[in-house]
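Below is one structure, written out as structure tokens, with a few remarks after it.
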Amino acid sequence: MGNICGVEKNNKLSPLQVAVPVAKTEDEQNNNEDLQSNSNQTITAKNILKNQEESENDSALRILLLGSPESGKSTLMEQIRLLYNQEFKENELYQRKSFLYNNILESMRCILNHMKEHSISFGSEANQAKADIILDDFENIYGPFNAREYDCLESLWSDENVIQTYQMRARYNLNDSAGYFFDSLKRINDINFKPTPQDLIMAYSPTIGIQTLIFTAKHKSYQLIEYAGNKFDATKLKDIYEGIDAVFFCLAISEYDQIPISDPEITKLQFSLKMLDKVCECSRDQQVPLFVFLNETDVFQEKLDISPLGVHFDDYSGLTAKDAMLFMHELVEERCAMHGLKDLHSEYLCTFININESRQMLDKIFKKLKKL
């Protein structure tokens, strides 16, 4: 996509580069309810910082990674891990590989359930029987598909009505990366398959509690702390900001037409913007720089013809994808300015992009952070 305008300090416009990640799929609500149900074991970013105070380098800059469920937080963390040589251990790679197979199966089930619920027929009558097999006969799968399983998945993904239902995924909760993995089905099912960096970036796995990553960029040590939580509690923000030097906030702009299961009265983007309001207020009060990542720009642009932006925003009158991108950028900029936040930076993120361009964008950010 090249360079697109963005926001620098004091909200002055400057050149902005496109970056990487994202995907999504099932709701994180159940995982987080399990986490929060045991209050005695609740972990906070504050606890982690305290516990690691003696073991970690005190000069490391600590970055808090926030965003609503499925906004791309984990994907951004994984990309940073891969770009800055924090390689996966063999057992981690095995676990993630196993997850991919089950994720493919669950994504197809999600599509088929939506078709069944809305009485959408298949392009080929033979695929009805294969859909029944996927929905009724298969248990969770964490390894290569057998011949029967593979045949069902391949045939269904070739069905024109299945593909059309996938394209309408804004109407139900399906991971945007599902198509990527369906297209890669033959490669992934090979007996010698080993996940590529792109596979790991595209894969979605909900975060439970807090995840941390320690790495070095631009000759400086960083600790990235990803804070999960479907039930966002703004009252705890001040506590998790303690000891934090900067905040990364992921905002999936492709969710402008998606309705969350937990609150059908608003879109997922509106939910995320409300969360951003609280983060802006806390970043302003704590005098911590905020980096907002407008995520999933590729999916966003793909949707515009199917789901016009003007249907969801009365004040939008643009005609092109560039107009729509600029509108979303200005929406976020104005939202943050409402809270008097001055130390604001904004970047666009895109799933499919040259890894070198991604590194350049992140290097630019870490160069700024190094000056803090």
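In this text, residue positions in the sequence shown follow our numbering: the first is 1043, and each later residue adds one.
Backbone N, C-alpha and C fix where the C-beta goes; we use that ideal spot for every residue, glycine too.
Computed from a predicted structure; not experimentally measured.
Do you know how far the Cα of Asn-1215 is from the Cα of Lys-1172? 22 Å
Any chain C beta carbon closer than 8 Å to Tyr-1358: The chain labelled as chain C is not found in the depicted structure, where only one protein chain is given.
Under the three-state DSSP convention, the category Val-1289 falls into: Strand, per DSSP.
Any idea which residues DSSP pairs Tyr-1269 with across the strands? Ile-1252
Whole-Å CB distance - Leu-1108 paired with Phe-1257, under 8 Å assumed: 18 Å between Cβ atoms; not a contact.
In terms of DSSP beta bridges, what is Val-1334 paired with? Phe-1291 and Ser-1388
Looking at the unbroken beta strand (DSSP E) that takes in Ile-1105, where does it start and where does it end? 1103-1109
Glu-1120 versus Gly-1352: straight-line alpha-carbon distance, rounded: If you take the alpha carbons of Glu-1120 and Gly-1352, they lie about 34 Å apart.
Short Cβ contact (8 Å threshold) for Ala-1316 with Gln-1300: Correcting the residue identity first, residue 1316 is Lys in this sequence and not Ala. No. Outside cutoff.
Ends of the alpha helix (DSSP H) at Ala-1366? 1363-1379
Would Cys-1378 and Leu-1386 qualify as a contact pair, given that the criterion is a beta-carbon distance under 8 Å? yes
Determine the DSSP secondary structure at Lys-1236, reduced to helix, strand or coil. coil
Within 10 angstroms of its Cβ, does Ser-1161 collect 16 or more other Cβ (buried), or is it exposed? Exposed, by the Cβ-count rule.
DSSP beta-bridge partners of Phe-1257: In the DSSP output, where bridge partners are listed per residue, Phe-1257 has Tyr-1264.
Would DSSP call Asp-1281 helix, strand or coil? helix
Can we say the stretch 1219-1233 touches the stretch 1143-1150, given the rule of at least three CB pairs closer than 8 Å? yes
Any idea what DSSP makes of Phe-1180, helix, strand or coil? coil
Taking its Cβ as the centre, do 16 or more other Cβ atoms sit within 10 Å of Leu-1404, making it buried, or is it exposed? The residue is buried, with at least 16 neighbouring Cβ atoms inside 10 Å.
Pull up the distance between the alpha-carbon of Lys-1262 and that of Leu-1332, whole angstroms please. Their backbone Cα atoms lie some 19 Å apart in a straight line.
Considering His-1156, what are the terminal residues of the alpha helix (DSSP H) in which it resides? 1132-1159
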